[in-house]
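Chemist: Protein sequence lines, in the order shown, are assigned to chains A and B.
Residue numbers for the first sequence follow the working numbering, beginning at 1 and rising by one.
Residue numbers for the second sequence follow the working numbering, beginning at 1 and rising by one.
Sharing a structure, written as structure tokens. Questions coming.
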Amino acid sequence: MSAIGNLAQGAALVFQPFALALIVGGVLIGMTMGSLPGMTATMTVAVLVSFTFGMSPAEGMMLLLGIYGGALYAGSIPAILIRTPGTPSAAATVFDGFPLAERGLAGRAIAVATVASFVGGATSVVLLAVLAPQIANVAIEFGSAEYFALAVFGLTIIASVSGDSLVKGLISGLLGMLLATVGLDPVLAYPRFSFGVEALSSGIQFIAVMIGLFGIAEGLLRYQRGIGSEQVTQELSNVIPSRADLAKIRNVTVGSSVAGAFIGAIPGAGGDIASFVTYNEAKRWVEGAASSFGDGDIRGVAAAEAGNNASTGGALIPTLTLGIPGDSVTAILIGALMVHGIRPGPGLFQDEPALVYAIFVGFFTVYVVILVFGLLGARYWAQLIDFPGTYLWPAIFVLSIVGAFALRGNVLDVWVALGAGVLGYAMRVEDYPLAPMVLGLILGPIAEVNLRRSLQLSGGSLEIFYAEPLTLGILVLAAISLLLPFVQAWRGSESA
Amino acid sequence: MDMVGEANDTTLESTGRRRFLKAAGVGSAVGLVGIPGLGAAQDGEFPSGDIEMICPWAAGGGTDRTARQLASLAGEQSDASFFVTNQTGGSGSAGFRAAANAEPNGQTVGVLTVEICTISHLGIANITPDAFAPVMQYNFDPASLTVPEDAPYGTIEEFVSYAEENPGEVRISNSGIGAIWHLSAAQMAQATGIEVEHVGYDGGAPATQAVVNGEVEATTASPAEVAPQVQDGPLQMLAVFGEERSDLFPDVPTLQERDIDVTIGAWRGLGVPEGTPDERVQALNETFQSVYESDEFQSFMEDNGFGLVNRSPEEYGEFMSSELDRFEGIVDELDIQEGS
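Below, the structure written as structure tokens:
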């Protein structure tokens, strides 16, 4: 059947009262859970997946895709309001979102995040529908050497998110990589830094560190400065983005959307890496961004949010075409389809065209719903931080602890969050940037395990890193990324 | 890092970076809510009251989904209310330990997976089946050996002789060092006397991807995990490591049929803390046994590609102690428990 026919069939499955209600319900659930630090998109989908077993496959997908998109979007709300990313993917949104909120522009930041999330998500769905098989063929070629190269490329971002002091940035980044080594080593299962404590052998939980590093540390800082002394009244006139704002974020949003979708399509690279890469690339390429990013530039928010939501459509590409999940949420989606006897993989497009197109149409609809609810809700979320600090911050502390415990039902994670809170507080006081630490935590383990696995595969030869053009290309990009600031500085001084 | 990923996890990569992001104990939050009603059985017929089933793997994974299915059907069949909590980490040891340390009154049931017989040998955690009174086994999934369709070997015999002629050249991917699929490949290699390189990945999906894109020569996983790539994709399955052929691939022989005396795979079952009164173990076994035999459970397992194997408390206990011995031998020969 033709693509148009399939599209019509798919749309017919989506535009039913029940299916649409599931989309709306899924988005609302996802937005609620995503905005609570410690509750991730994966967690929410995992817990609710069993409710879909009684539905038709397409209906079940509508609910789960709604949650997926909604949660990934809503992680930006606490990132902007209280400097704590609701999901790991929103970590890069903190950098410009929170400074905006401090200036009383939380509503504007949320509105920009909403529009960027919509554009990112919708663009990725269109790319998914049009180019899925072609992109999947590139994504499948990603082997251990390519992942190592990608991680190195990601780590070069430390240079540009370090703020004023590169040395402090490197210290922060290396500290993150060091923390990520706790637990069994990924090749020989040798316990590192676990000090004989069994709970430590499974490592430090990323989300627990994020909760402490951002949420608890920010709270401590507020108390030090005197709670309530910096009460900012949020401006609520700008919760629908102005024409000028839209024009300002247009290019960066579109570029980040396309880049985010491609990164999301690589199995193992999800919204967290996508948003960091798009944020960094935006900083590099957008005019004037080098100085204004990090100080509350709406383009920074747009780059990060377009990037992480675009990764969702991207992640569906290998999931649907190859049966290889693009991230942890899509892994659960595969399980949800298998309950109905449908196995995503190379045969899916032939066997279930209506379902595949229903997923395309439904996921696009999800992002339309997010746009509507996001813009309607921006006003109310922004008012949330006008809540007196004497009540707000204790509530955030409690939520942080509960969130850390809820991760795995493990008390260790609570201690990790508290420890990270103290560490984050000390770093803030001493003016160490936190972003490099986040990068180190995310990318350190990827770099390590893929470096070691590559060398195991090659029998110790370094040739594996330059034999394939894809690997070499990414490593060259990393080198350029690292050297570019110096070249620019040198050329700047030449012409001056 | 969680080295030993969840066995036969067809839906969720179990280790690696995404362990940070992946689903984890929201079930525990549910458990918290359940605490007020928790307590020993009321007067009258056991099972009753709240019965917690501790799943040592993340919500949304294979073990979690089977446990939730058991819990919801068991709840329909008895007066008790069964609920699943996820206590993850330490390659399953966190959840095993929590279940083993619970009060031995039948109100806490541990979901036991093959890792209970491997992690003590791997030096990950000092916990074994001895901490539990077995209730029943409800699942077994054999390992299988899968290679690219265009590989220079099309049968298991040809694979073995290729590996004999090219010692150390054949690389076999698995879902994580020390995980059941790694140990399965190791036992196959030990039994056939071939020398292969085991390459660990962060879960089943990347291990499969590695053989699809040619980074390695073969992969070991459950048949369900590689099914999409074998049915419509570029891979072929040479052998399954079970006693019987897989329903998914009735044309693929078992190793035993080809005179390689290896049966190995992942399994799941239930146990209660050692010291739980026998009549409670029996009562739980009866409840779960009738769940196991229900059409609903059988079709759930088949739809999801989980193999159905059932053992009574006694049989399951004997099976687990033989597994414990067997894995000690495999791990010793592999020499991977350097951390212990």
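The beta-carbon is built from N, C-alpha and C at its ideal position, and this holds for glycine as well.
Treat the numbers as computed from the prediction; the structure is a model and nothing was measured.
Nearest to E235(A) by CA position, among R428(A), M61(A), W381(A) and G5(A), is which residue?
Modeler: Counting from one through the first sequence, the residue named residue 235(A) turns up at place 235. The residue with the shortest Cα to Cα distance from E235(A) is W381(A).
Chemist: How far does the beta strand (DSSP E) with V411(A) in it extend, from its first residue to its last?
Modeler: Here residue 411(A) is taken as the residue at index 411 of the first sequence, counted from 1. Unbroken run through V411(A) is the alpha helix (DSSP H), V411 to V429; no beta strand (DSSP E).
Chemist: For D431(A) and A3(A), what's the separation of their Cα atoms in angstroms?
Modeler: For the purposes of this step, residue 431(A) is identified with residue 431 of the first sequence, where counting begins at 1. For the purposes of this step, residue 3(A) is identified with residue 3 of the first sequence, where counting begins at 1. One C-alpha to the other measures close to 55 Å.
Chemist: Using a cut-off of 9 Å between C-beta atoms, extract the partners of I564(A) located in chain B.
Modeler: A query on residue 564(A) cannot be resolved here, the shown segment of chain A reaching from 1 to 496 and no further.
Chemist: Using 8 Å as the threshold, is the C-beta distance between G362(A) and M61(A) below it?
Modeler: Position 362 of the first sequence, counted from the first residue, corresponds to residue 362(A). Position 61 of the first sequence, counted from the first residue, corresponds to residue 61(A). Yes, Cβ-Cβ distance for G362(A) and M61(A) is below 8 Å.
Chemist: Are G326(A) and G314(A) touching if we call contact CB-CB under 8 Å?
Modeler: If you number the first sequence from 1, residue 326(A) lands on position 326. If you number the first sequence from 1, residue 314(A) lands on position 314. Cβ atoms of G326(A) and G314(A): closer than 8 Å.
Chemist: Measuring only the C-alpha atoms, how far is L105(A) from Q134(A)?
Modeler: For the purposes of this step, residue 105(A) is identified with residue 105 of the first sequence, where counting begins at 1. For the purposes of this step, residue 134(A) is identified with residue 134 of the first sequence, where counting begins at 1. Whole-angstrom Cα-Cα distance: 41 Å.
Chemist: Could you tell me the alpha carbon to alpha carbon distance between L235(B) and I334(A), rounded to whole angstroms?
Modeler: Residue numbering aside, residue 235(B) sits at position 235 when the second sequence is read from its first letter. Residue numbering aside, residue 334(A) sits at position 334 when the first sequence is read from its first letter. If I take the Cα positions, the gap works out to 19 Å.
Chemist: Is H182(B) helix, strand or coil by DSSP?
Modeler: The residue you call residue 182(B) lines up with position 182 of the second sequence. It is helical.
Chemist: Identify, in the order they occur along the chain, each residue of the same chain with its Cβ nearer than 6 Å to the Cβ of M31(A), setting aside the five sequence neighbours on each side.
Modeler: Locating residue 31(A) in the first sequence gives position 31, where the first residue counts as 1. G70 and A74.
Chemist: With a threshold of 8 Å on Cβ separation, who are the neighbours of V291(B) within its own chain once the five nearest residues in sequence on each side are excluded?
Modeler: Within the second sequence, residue 291(B) is the residue found at index 291, counting from 1. Cβ neighbours of V291(B) beyond the five flanking positions: L70, L73, A74, Q77 and F297.
Chemist: Are the CB atoms of T471(A) and A149(A) within a distance shorter than 8 Å?
Modeler: Taking the first residue of the first sequence as position 1, residue 149(A) is located at position 149. Taking the first residue of the first sequence as position 1, residue 471(A) is located at position 471. Yes.
Chemist: Select from the region 303-321 of chain B all residues with a C-beta closer than 9 Å to any C-beta belonging to chain A, and list them in chain order.
Modeler: Of all residues in the region 303-321 of chain B, D303, N304 and G305 have a Cβ within less than 9 Å of some Cβ in chain A.
Chemist: Give the straight-line distance between the Cα atoms of F95(A) and G242(B), rounded to the nearest whole angstrom.
Modeler: Here residue 95(A) corresponds to residue number 95 of the first sequence, with the count starting at 1. Here residue 242(B) corresponds to residue number 242 of the second sequence, with the count starting at 1. Each residue's Cα considered, the two are about 53 Å apart.
Chemist: Using the Cβ count rule (16 or more neighbours within 10 Å means buried), how would you classify L213(A)?
Modeler: Taking the first sequence and counting its residues from 1, one reaches residue 213(A) at position 213. Buried, since its Cβ has 16 or more Cβ neighbours within 10 Å.
Chemist: Taking the straight line between their C-alpha atoms, what separation do you get for A467(A) and R65(B)?
Modeler: Position 467 of the first sequence holds residue 467(A). Position 65 of the second sequence holds residue 65(B). Taking the straight line from one Cα to the other gives about 43 Å.
Chemist: State the start and end residues of the unbroken beta strand (DSSP E) segment that holds W267(B).
Modeler: The residue given as residue 267(B) occupies position 267 in the second sequence. First-last of the beta strand (DSSP E) with W267(B): G265 to P273.
Chemist: By the three-class DSSP mapping on this structure, what secondary structure does I51(B) have?
Modeler: Stepping through the second sequence from its first residue, residue 51(B) is reached at position 51. Note: I51(B) maps to strand in three-state DSSP.
Chemist: Answer with buried or exposed for P17(A), where buried requires no fewer than 16 other C-beta atoms within 10 angstroms of its C-beta.
Modeler: In the first sequence, counting from the first residue as 1, residue 17(A) sits at position 17. Flag for P17(A) reads exposed.
Chemist: Between which two residues does the beta strand (DSSP E) carrying V114(B) extend?
Modeler: What you label residue 114(B) is simply residue 114 of the second sequence in a count that begins at 1. Careful: V114(B) lies outside any beta strand (DSSP E) and carries neither H nor E.
Chemist: Cα separation between E281(B) and D50(B)?
Modeler: Position 281 of the second sequence holds residue 281(B). Position 50 of the second sequence holds residue 50(B). Before going further, note that residue 281(B) is Val rather than Glu in the sequence given. One C-alpha to the other measures close to 16 Å.
Chemist: Answer yes or no: do V161(A) and A435(A) have a C-beta to C-beta separation smaller than 8 Å?
Modeler: Residue mapping note: residue 161(A) aligns to position 161 of the first sequence, counting from 1. Residue mapping note: residue 435(A) aligns to position 435 of the first sequence, counting from 1. For V161(A) and A435(A), yes; Cβs fall inside 8 Å.
Chemist: Can you check whether the CB of A302(A) is closer than 8 Å to the CB of V112(A)?
Modeler: Here residue 112(A) refers to the residue found at position 112 when the first sequence is read from its first residue. Here residue 302(A) refers to the residue found at position 302 when the first sequence is read from its first residue. Against a cut-off of 8 Å, the Cβ pair of A302(A) and V112(A) comes out as a contact.
Chemist: How would you label E315(B), buried or exposed, when you count the other beta carbons within 10 angstroms and need 16 or more for buried?
Modeler: The sequence position of residue 315(B) within the second sequence is 315, counting from 1. So E315(B) ends up on the exposed side.
Chemist: What first and last residue would you give for the alpha helix (DSSP H) that runs through L64(A)?
Modeler: On the first sequence, residue 64(A) is found 64 positions in, with the first residue counted as 1. First-last of the alpha helix (DSSP H) with L64(A): P57 to A74.
Chemist: Is the beta carbon of V170(B) sitting closer than 8 Å to the one on V211(B)?
Modeler: Locating residue 170(B) in the second sequence gives position 170, counting from the first residue. Locating residue 211(B) in the second sequence gives position 211, counting from the first residue. No, they are not a contact pair.
Chemist: Kindly provide the ranges of any alpha helix (DSSP H) runs that are 4 or more residues long and lie completely inside the region 218-254 of chain B, ordered along the chain.
Modeler: Those alpha helix (DSSP H) runs which fall completely within the region 218-254 of chain B and span 4+ residues are 223-231.
Chemist: Where does E197(B) sit, in a helix, a strand or coil, going by DSSP?
Modeler: Stepping through the second sequence from its first residue, residue 197(B) is reached at position 197. Residue state, collapsed to three classes: strand.
Chemist: Determine the extent of the alpha helix (DSSP H) in which L175(A) is found, giving its start and end residues.
Modeler: If you number the first sequence from 1, residue 175(A) lands on position 175. It spans L166 to A180 - the alpha helix (DSSP H) in which L175(A) sits, taken as one unbroken run.
Chemist: Name, please, each residue of chain B whose Cβ falls closer than 9 Å to the Cβ of I324(A).
Modeler: Working through the first sequence from its first residue, we reach residue 324(A) at position 324. Here the neighbours are A205, P206, T208, Q209, V212, P228 and Q229.
Chemist: Would you say V199(B) lies against chain A (beta-carbon separation less than 8 Å)?
Modeler: In the second sequence, counting from the first residue as 1, residue 199(B) sits at position 199. It does: the Cβ of V199(B) has a partner Cβ on chain A nearer than 8 Å.
Chemist: Label A390(A) either buried or exposed according to how many other C-beta atoms from any shown protein chain fall within 10 Å of its C-beta, with 16 as the threshold for buried.
Modeler: Stepping through the first sequence from its first residue, residue 390(A) is reached at position 390. In the sequence on display, residue 390(A) carries Thr and not Ala. When all chains shown are included, T390(A) counts as exposed.
Chemist: Grab the span of the alpha helix (DSSP H) containing A382(A) for me, first residue to last.
Modeler: Along the first sequence, one-based indexing puts residue 382(A) at 382. Counting along the chain, the alpha helix (DSSP H) containing A382(A) begins and ends at P353 to L384.
Chemist: Taking all protein chains shown into account, do 16 or more other C-beta atoms lie within 10 angstroms of the C-beta of W285(A), making it buried, or fewer, making it exposed?
Modeler: Within the first sequence, the letter at position 285 stands for residue 285(A). Burial call: exposed.
Chemist: Report the three-state DSSP secondary structure of A467(A) (helix, strand or coil).
Modeler: As a first step, residue 467(A) must be located in the first sequence, where it is residue number 467. In this structure, A467(A) counts as coil in the three-state DSSP scheme.
Chemist: Could you say which of G444(A), G460(A) and V49(A) lies nearest to L178(A) if we only look at CA atoms?
Modeler: Start at 1 with the first residue of the first sequence, and residue 178(A) comes out as number 178. Of the candidates G444(A), G460(A) and V49(A), the one whose C-alpha sits nearest the C-alpha of L178(A) is G444(A).
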